[in-house]
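Asker: Residue numbers (our numbering), protein chains in the order written: chain A, 22 to 142; chain B, 22 to 142. Every residue, glycine too, gets a C-beta built ideally from N, C-alpha and C. Pasting a structure below so you can have a look.
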DNA sequence: CAGCATCCTGTCCGATACTG
DNA sequence: CAGTATCGGACAGGATGCTG
C-alpha cells in the first residue's frame with residue numbers, strides 16, 4: 022500500500038507489510054467503527070453493547086472486541102464478582118484512531134449527493 | 022453508523038443507510054486504495070495497472086475498477102482503435118476522497134509502534 | 001453475565017481458460 | 001489489448017445451543 026510505486030510494481034510483501042493495510046481493513050469491517058463510536062461515549066459491558074446494536078450477533082461482538090483489543094484500540098477490564106462484569110473502554114490510541122475515521126465519515130456525508138448521483142447510472 | 026445512539030439502539034437500517042458505511046467498506050477492500058493511489062499519478066490503461074500491482078488478478082482488477090467507477094471515484098475512457106485502449110483516471114471526487122484516506126494512512130504510520138506493541142501480546 | 005463451540009450461507013478473491 | 005466465464009478455497013458473519 023505504498024504511496025510510491027508506479028513504474029515499480031507494488032509487491033505482495035509491500036502490501037501485506039504496510040502498516041496502513043491492516044488499519045484500512047479494520048476500518049472496513051462491519052462493526053468495528055460502530056463499537057468504537059459507542060465506546061467513545063463511555064465504558065460499557067458486553068451485554069450492554071450487544072443490546073445497543075441491533076443486528077449484531079454475540080459471536081461477531083466477541084470477535085470484534087477481541088480484534089480491537091489486540092490492536093490496542095480498546096481495553097478489557099474484568100471485575101471479579103458474581104455475576105461477572107467486564108467493561109470495555111476506548112484507549113487513548115482508540116480515541117486518536119477515531120479522528121481520521123471521523124474525517125472519512127464527514128467526507129462521506131459531505132459528498133453524499135455526488136456518490137448517489139454516480140451510483141444512479 | 023450513526024455517531025449518536027447509545028441508549029437508543031443502533032438499527033440495521035441506520036447502519037445500512039448511513040452514507041459512511043459504504044465508504045468505509047470501500048476503504049477496507051483489498052485493492053481500491055492501491056489502485057486509486059496509482060491513478061493519482063496519472064491515467065493508466067488496464068494492462069498497465071495489471072502489471073503495476075503484483076498479486077492483483079485481472080479478475081479483481083476488473084471488479085475493483087467497476088466498483089470505483091460506480092462510486093464516481095474514477096473515470097473510464099474507451100478509445101476506439103485497434104488494439105483497443107481504455108484509460109482509467111481519477112475524478113475530482115476520487116482525488117478529494119484520497120485526502121481523508123491519506124489521513125488514515127498517516128495515522129497508521131504515526132502509530133505503527135503502538136500497534137505493534139499492542140499486537141505483541 | 002459473558003462468553004465459546006458448532007453449523008451454515010454468502011461473499012471475497014485467486015487460478016485458469018476463453019473472447020471481440 | 002481489455003476484458004468475461006467458471007471453478008474452488010478461504011473467510012466473514014448470522015443462528016443456535018451450551019458453559020463457568
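Closest by CA to residue 91 (chain A), which one among A:47, A:65, A:35?
Answerer: Checking every option, the nearest Cα to that of residue 91 (chain A) belongs to A:47.
Asker: Only counting the same chain, and skipping five residues up and downstream in sequence, which positions put a Cβ closer than 6 Å to that of residue 130 (chain A)?
Answerer: So no residue of the chain qualifies.
Asker: What are the boundary residues of the alpha helix (DSSP H) that includes residue 100 (chain A)?
Answerer: Note, residue 100 (chain A): premise wrong, no alpha helix (DSSP H); beta strand (DSSP E) at 95-100.
Asker: Return the first residue and the last residue of the beta strand (DSSP E) that residue 80 (chain A) is part of.
Answerer: Note, residue 80 (chain A): premise wrong, no beta strand (DSSP E); alpha helix (DSSP H) at 79-91.
Asker: Kindly indicate if chain A contains any beta-carbon less than 8 Å away from that of residue 85 (chain B).
Answerer: No, its Cβ sits nowhere closer than 8 Å to a Cβ of chain A.
Asker: If you measure from the beta carbon of residue 118 (chain B) to each beta carbon in chain A, is any gap under 8 Å?
Answerer: Interface residue, yes.
Asker: How would you list, in chain order, the residues of chain B whose beta-carbon sits under 7 Å from the beta-carbon of residue 135 (chain A)?
Answerer: The contacting residues are 93, 114.
Asker: At which residues does the beta strand (DSSP E) containing residue 107 (chain B) begin and terminate?
Answerer: Note, residue 107 (chain B): beta strand (DSSP E), 106-111.
Asker: So with Cβ pairs under 8 Å, would you call residue 41 (chain A) a contact of chain B?
Answerer: It does; some Cβ of chain B falls within 8 Å.
Asker: Can you tell me the Cα-Cα spacing of residue 80 (chain B) and residue 102 (chain A), whole angstroms?
Answerer: Looking at the two C-alpha atoms, the distance is approximately 54 Å.
Asker: Determine, using beta-carbon pairs with one atom in the region 32-49 of chain B and one in the region 38-53 of chain A, whether at least three such pairs fall under 8 Å.
Answerer: At 8 Å Cβ cutoff, the stretches touch.
Asker: Three or more beta-carbon pairs under 8 Å between the region 64-82 of chain A and the region 113-124 of chain A, yes or no?
Answerer: Touching, no.
Asker: To which residues of the same chain is residue 64 (chain B) closer than 7 Å at the C-beta, ignoring the five residues directly before and after it?
Answerer: Once the five neighbours on either side are set aside, the close Cβ partners of residue 64 (chain B) are 108, 109, 110.
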